[in-house]
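J.: Here the protein sequences line up with chains D and H, keeping their order.
By numbering that gives the first Met the number 0, the letter at position 3 of the first sequence is numbered 2, and the numbering carries on one by one without gaps.
By numbering that gives the first Met the number 0, the letter at position 21 of the second sequence is numbered 20, and the numbering carries on one by one without gaps.
2 protein chains.
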Amino acid sequence: MKLTKRGEYALRTLIRLGIAKRMEEGVISVSSLALQEKLPFKFLEAILFELRGAGYVESVRGKYGGTRLAKPMDSIKMGDVVRLIDGKLAPIGCASETEYEKCTCPDEIHCGLRMLMIDVRNAIANILDRYTLKDVVDVTLRKQERDSAANPKTRKKRAEARHADPADGFLAELLGSKIA
Amino acid sequence: MKLTKRGEYALRTLIRLGIAKRMEEGVISVSSLALQEKLPFKFLEAILFELRGAGYVESVRGKYGGTRLAKPMDSIKMGDVVRLIDGKLAPIGCASETEYEKCTCPDEIHCGLRMLMIDVRNAIANILDRYTLKDVVDVTLRKQERDSAANPKTRKKRAEARHADPADGFLAELLGSKIA
DNA sequence: CATATTCATACTAGGCAAGTCGGAATTACG
DNA sequence: CGTAATTCCGACTTGCCTAGTATGAATATG
């Protein structure tokens, strides 16, 4: 169930470029991006090349050149980026909506594994296809601001017992604010 | 976001063994399992070896030997089997609850990608760690029975337009019955 | 022209997925 | 006992994919 490094770097970079757009930073060179995000320069260059081919980013060549987002952030669905770089969201082919492939099992319609994986696929898609780069950038900036504003003493972490606490997730930050 | 063939085969085989237990079929040989599930014999043998090592199945050696489940089905969480064979559920290490690893990003706490992936991870775990082999076997058998009982003419599929329709999933079958 | 940058392709090292092979050990049956 | 069926178990193969690197051309600034 994993995202490749290529996919991870692509998404991190798009988020970074989204923040840049908010800040009106203009284009950013590959070397700056690589440095800031601590990514291998040449590898990132190749990834940006691919993102450019797909129309997500555009670049300015020559000295003082660089890369920026090429489309409105709310038109970039996270799921589509993952599909571009890493392929289908579904754990197995026979549970994929966009890249279905028949599996070897004797009766696909009554295959328990397929039924289960259809739900897993939809659980993933319900997040990645629902939210856009805009949502992620908004939430990222909001969390950054809130945490830098708060008194560092009062927001002491509870020992960071969990690593995947839903309270630390995207949805908590997104929906938490809608309630408030 | 994919499950390996090894993982797929392991789960399919466990489901098959779960059905066998329900039917009181006793042990099943690797060759039978391979034939029925259309899996490569030697590969399946290796997978069963691993499942046995982890205590999920037990085997009877010699002629007329074979494999059966070694534990109660409701004690076998689907997520744990996936973890055994394929590793963590989370798409990236920094969003894993069980196999966390630090990532290279400058500020993990405020990393938008990590926030998002925490939710993806939890969406997956909410299914795979909630439901057990028992649930999957129950649902599989129920769907099989219902579809073989129904009049084949009335349950004509609507052209199978989608491949990951939630209505064809595990949860629909499971929860659909609870309502009825 | 020097320098900074993207564009584009080709290449590589290593790992891992998906299997296969071969034989030893175990058990049932005649 | 001998043979057939079966699991056990490590070693091996094959090929693709991941995660990069290398090299140089093209482009723009000053």
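Where a beta carbon is used, it is the ideal one built from N, C-alpha and C, also for glycine.
Between which residues of its own chain and L140 of chain D is the CB-CB distance below 8 Å, once the five residues before and five after are set aside?
T.: Residue numbering aside, residue 140 of chain D sits at position 141 when the first sequence is read from its first letter. So the qualifying residues of the chain are I18, R21.
J.: What are the boundary residues of the beta strand (DSSP E) that S58 of chain H is part of?
T.: Position 59 of the second sequence, counted from the first residue, corresponds to residue 58 of chain H. Here the beta strand (DSSP E) through S58 of chain H covers 56 to 59.
J.: Quick one, which residues of the region 35 to 46 of chain D are near chain H if we go by CB-CB under 9 Å, in chain order?
T.: Going along the region 35 to 46 of chain D in chain order, one finds Q35, E36, K37, L38 with a Cβ nearer than 9 Å to chain H.
J.: Which partner residues of G168 of chain D appear in the DSSP bridge assignment?
T.: Position 169 of the first sequence, counted from the first residue, corresponds to residue 168 of chain D. According to DSSP, G168 of chain D bridges with nothing at all.
J.: Counting only C-beta atoms, is I14 of chain H closer than 8 Å to chain D at any point?
T.: Numbered from its first residue, the second sequence carries residue 14 of chain H at position 15. Answer yes: the Cβ-Cβ gap between I14 of chain H and chain D drops below 8 Å somewhere.
J.: Would you say G65 of chain H touches the ligand SAM, meaning its beta carbon is less than 7 Å from a heavy atom?
T.: This structure lacks the ligand SAM, and indeed carries no ligand of any kind.
J.: Can you pull the DSSP bridge partners for R113 of chain H?
T.: Taking the first residue of the second sequence as position 1, residue 113 of chain H is located at position 114. Partner(s): none; R113 of chain H has no beta bridge.
J.: Alpha carbons only, please: which of H:A94, H:P165, H:G175 is nearest the one belonging to M114 of chain D?
T.: Locating residue 114 of chain D in the first sequence gives position 115, where the first residue counts as 1. Comparing Cα positions, the closest option is H:P165.
J.: Relative to the alpha-carbon of H162 of chain D, which residue among H:Y8, H:T66, H:Y99, H:V81 has its alpha-carbon at the smallest distance?
T.: By 1-based counting over the first sequence, the position of residue 162 of chain D is 163. When each option's Cα is compared against that of H162 of chain D, the closest is H:Y99.
J.: Enumerate, from N- to C-terminal direction, the unbroken alpha helix (DSSP H) stretches of 4 or more residues contained entirely within the region 13 to 54 of chain H.
T.: Qualifying alpha helix (DSSP H) stretches, in chain order: 29 to 36, 40 to 52.
J.: Under 8 Å, CB to CB, which of the residues in the region 125 to 152 of chain H have a partner in chain D?
T.: Those would be N125, I126, L127, Y130, V135, V136, V138, T139, K142, Q143, D146, in chain order.
J.: With distances taken between CB atoms, is the gap from Y63 of chain H to L38 of chain H smaller than 8 Å?
T.: Here the question's residue 63 of chain H lines up with position 64 in the second sequence. Here the question's residue 38 of chain H lines up with position 39 in the second sequence. Contact flag unset, no.
J.: Look at R145 of chain D and C104 of chain H and say whether their C-beta atoms are less than 8 Å apart.
T.: Reading the first sequence from its first residue, position 146 is the one you call residue 145 of chain D. Reading the second sequence from its first residue, position 105 is the one you call residue 104 of chain H. No.
J.: Measure the C-alpha to C-alpha separation of L112 of chain D and A45 of chain H and round it to an integer number of angstroms.
T.: On the first sequence, residue 112 of chain D is found 113 positions in, with the first residue counted as 1. On the second sequence, residue 45 of chain H is found 46 positions in, with the first residue counted as 1. Each residue's alpha carbon lies about 20 Å from the other.
J.: Helix, strand or coil for G6 of chain D? Go by DSSP, reduced to three states.
T.: Mapped onto the first sequence, residue 6 of chain D falls at position 7. Residue state, collapsed to three classes: helix.
J.: Taking the straight line between their C-alpha atoms, what separation do you get for G86 of chain D and I84 of chain H?
T.: Sequence index remark: in the first sequence, residue 86 of chain D carries index 87 (1-based). Sequence index remark: in the second sequence, residue 84 of chain H carries index 85 (1-based). Those two C-alpha atoms are separated by around 21 Å.
J.: Any beta-carbon of chain H closer than 8 Å to the one on E96 of chain D?
T.: Position 97 of the first sequence holds residue 96 of chain D. Yes, E96 of chain D counts as interfacial toward chain H.
J.: Taking Cβ positions, are E172 of chain H and K142 of chain H nearer each other than 8 Å?
T.: Within the second sequence, the letter at position 173 stands for residue 172 of chain H. Within the second sequence, the letter at position 143 stands for residue 142 of chain H. Yes, Cβ-Cβ distance for E172 of chain H and K142 of chain H is below 8 Å.
J.: Please report the Cβ distance between A122 of chain D and A94 of chain H, rounded to the nearest whole angstrom; I am assuming they are in contact, meaning their Cβ atoms lie under 8 Å.
T.: Here residue 122 of chain D refers to the residue found at position 123 when the first sequence is read from its first residue. Here residue 94 of chain H refers to the residue found at position 95 when the second sequence is read from its first residue. Not quite, the Cβ-Cβ distance comes to about 15 Å (not below 8 Å), so this is no contact.
J.: On the three-state DSSP scale, how would you describe R129 of chain D?
T.: One-based indexing of the first sequence puts residue 129 of chain D at position 130. Coil.
J.: Classify R129 of chain H: buried if its beta carbon has 16 or more other beta carbons within 10 angstroms, exposed otherwise.
T.: For the purposes of this step, residue 129 of chain H is identified with residue 130 of the second sequence, where counting begins at 1. R129 of chain H should be labelled exposed.
J.: Rounded to whole angstroms, how far is the Cβ of V59 of chain D from the Cβ of V81 of chain D, which I believe are closer than 8 Å?
T.: Taking the first residue of the first sequence as 1, we reach residue 59 of chain D at position 60. Taking the first residue of the first sequence as 1, we reach residue 81 of chain D at position 82. Not confirmed; about 27 Å, so no contact.
J.: So, using beta-carbon positions, are K76 of chain H and T131 of chain H closer together than 8 Å?
T.: Residue 76 of chain H sits at position 77 when you count from the first residue of the second sequence. Residue 131 of chain H sits at position 132 when you count from the first residue of the second sequence. Cβ distance < 8 Å, so K76 of chain H and T131 of chain H count as in contact.
J.: Should L16 of chain H be labelled buried (16 or more other beta-carbon atoms within 10 Å of its own) or exposed?
T.: Locating residue 16 of chain H in the second sequence gives position 17, counting from the first residue. Buried, because 16 or more other Cβ atoms sit within 10 Å of the Cβ of L16 of chain H.
J.: Going by DSSP, what residues sit across from T66 of chain D in a beta bridge?
T.: Within the first sequence, residue 66 of chain D is the residue found at index 67, counting from 1. Answer is D:I27, D:S58.
J.: Between the Cα of L43 of chain H and the Cα atoms of H:A53, H:L32, H:G52, which residue gives the shortest distance?
T.: What you label residue 43 of chain H is simply residue 44 of the second sequence in a count that begins at 1. Measuring from the Cα of L43 of chain H, the nearest candidate turns out to be H:L32.
J.: Kindly indicate if chain H contains any beta-carbon less than 8 Å away from that of E172 of chain D.
T.: Mapped onto the first sequence, residue 172 of chain D falls at position 173. E172 of chain D counts as touching chain H.
J.: Based on DSSP bridge pairs, tell me the residues matched to K1 of chain H.
T.: The sequence position of residue 1 of chain H within the second sequence is 2, counting from 1. Paired residue(s): D:K1.
J.: How long is the line joining the alpha carbons of S30 of chain H and L174 of chain H, rounded to whole angstroms?
T.: Locating residue 30 of chain H in the second sequence gives position 31, where the first residue counts as 1. Locating residue 174 of chain H in the second sequence gives position 175, where the first residue counts as 1. Rounded to the nearest angstrom, the two C-alpha atoms are 35 Å apart.
J.: Alpha carbon to alpha carbon, how far is K1 of chain D from G78 of chain H?
T.: Numbered from 1 along the first sequence, position 2 holds the residue referred to as residue 1 of chain D. Numbered from 1 along the second sequence, position 79 holds the residue referred to as residue 78 of chain H. One C-alpha to the other measures close to 14 Å.
J.: My guess is that A89 of chain H and R120 of chain H are in contact by the Cβ rule of under 8 Å, so how many angstroms apart are they, rounded?
T.: One-based indexing of the second sequence puts residue 89 of chain H at position 90. One-based indexing of the second sequence puts residue 120 of chain H at position 121. That belief holds up - the Cβ atoms of A89 of chain H and R120 of chain H are roughly 4 Å apart, short of 8 Å.
J.: List the endpoints of the continuous alpha helix (DSSP H) containing M77 of chain H.
T.: Stepping through the second sequence from its first residue, residue 77 of chain H is reached at position 78. Unbroken alpha helix (DSSP H) run through M77 of chain H: 77 to 85.
J.: Give me the Cα-Cα distance between C110 of chain H and R51 of chain H, rounded to the nearest whole angstrom.
T.: Taking the first residue of the second sequence as 1, we reach residue 110 of chain H at position 111. Taking the first residue of the second sequence as 1, we reach residue 51 of chain H at position 52. Each residue's Cα considered, the two are about 40 Å apart.
J.: So, is I108 of chain H buried or exposed, given that buried needs 16 or more other C-beta atoms within 10 angstroms?
T.: As a working mapping, residue 108 of chain H is identified with position 109 in the second sequence. Exposed.
J.: For T103 of chain H, which of helix, strand or coil comes out of DSSP?
T.: In the second sequence, residue 103 of chain H corresponds to position 104, counting from 1. Coil.
J.: Just to confirm, are V136 of chain H and F169 of chain H a CB contact at a threshold of 8 Å?
T.: For this step, residue 136 of chain H is matched to residue 137 along the second sequence. For this step, residue 169 of chain H is matched to residue 170 along the second sequence. No, they are not a contact pair.
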